[in-house]
Structure formats: C-alpha cells, structure tokens
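Participant: Whatever position you read off the sequence shown (first residue = 1), add 2 for this note's numbering.
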Amino acid sequence: MISYKPFQKLLIDREIKKQNLLKMTGISSATMAKLNTNEYVSLEVIDKLCTALGCQPGDLLEHLTDQ
3 MISYKPFQKL
13 LIDREIKKQN
23 LLKMTGISSA
33 TMAKLNTNEY
43 VSLEVIDKLC
53 TALGCQPGDL
63 LEHLTDQ
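This is the structure we're talking about:
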C-alpha cells in the first residue's frame, strides 16, 4: 500500500496550505482528496508536486507492506 503521510508532514513542516498548493500545481481538489485518503494518483501529479515543492518522490510517499 502507498501512503502519502510524508507528503502531509512536508506540507505541515513547510507551513503550506493545501489550497495554495492547488494553485501552485494546477491539480484538482479531487486529486488532493485522493492524496488525503491514500488513493492512486498518477505520476504526472507526483511530478507536479515534486516540481512545486522542490523535492523527490520519496519525500511524498512511502510503501507500506500489507498485513
């Protein structure tokens, strides 16, 4: 399972509001909702987030083994 918990932490640490990030990246609020619930998002979205935040994909997500 993919978790976007590191992404959430990054936003908190950098004090970036999700609404501001939507404007910076052009991603939709529906896509942001998917990130909040650990649903699939495309690599295009990950690319946009990495570009806007100046980070690597590993800074946004982590792989959790299914129990």
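Note that beta-carbon positions come from the ideal geometry of N, C-alpha and C, so glycine has one too. None of these values were measured; they are calculated from a predicted model.
1. Kindly give me the distance between the Cβ atoms of residue 4 and residue 63, rounded to whole angstroms, as I take these residues to be in contact under 8 Å.
2. State buried or exposed for residue 33, treating a residue as buried only when at least 16 other CB atoms are found within 10 Å of its CB.
3. Can you list, in chain order, the stretches of the alpha helix (DSSP H) that have 4 or more residues and sit fully within the segment 15–41?
4. For residue 13 versus residue 23, is the C-beta spacing smaller than 9 Å?
5. Once the 5 residues before and after residue 27 are set aside, which same chain residues still bring their CB inside 7 Å of it?
6. The alpha helix (DSSP H) with residue 53 in it runs from where to where?
Facilitator: According to the data block:
1. At roughly 5 Å, the Cβ-Cβ gap stays under 8 Å, so residue 4 and residue 63 are in contact.
2. Label assigned to residue 33: buried.
3. Runs of the alpha helix (DSSP H) inside the segment 15–41: 20–27 and 31–38.
4. If you check the CB distance, residue 13 and residue 23 come in under 9 Å.
5. Within the same chain, Cβ atoms closer than 7 Å to the Cβ of residue 27 are found at 50, 51 and 54, the five residues on either side in sequence being excluded.
6. From DSSP, the alpha helix (DSSP H) with residue 53 extends over 45–55.
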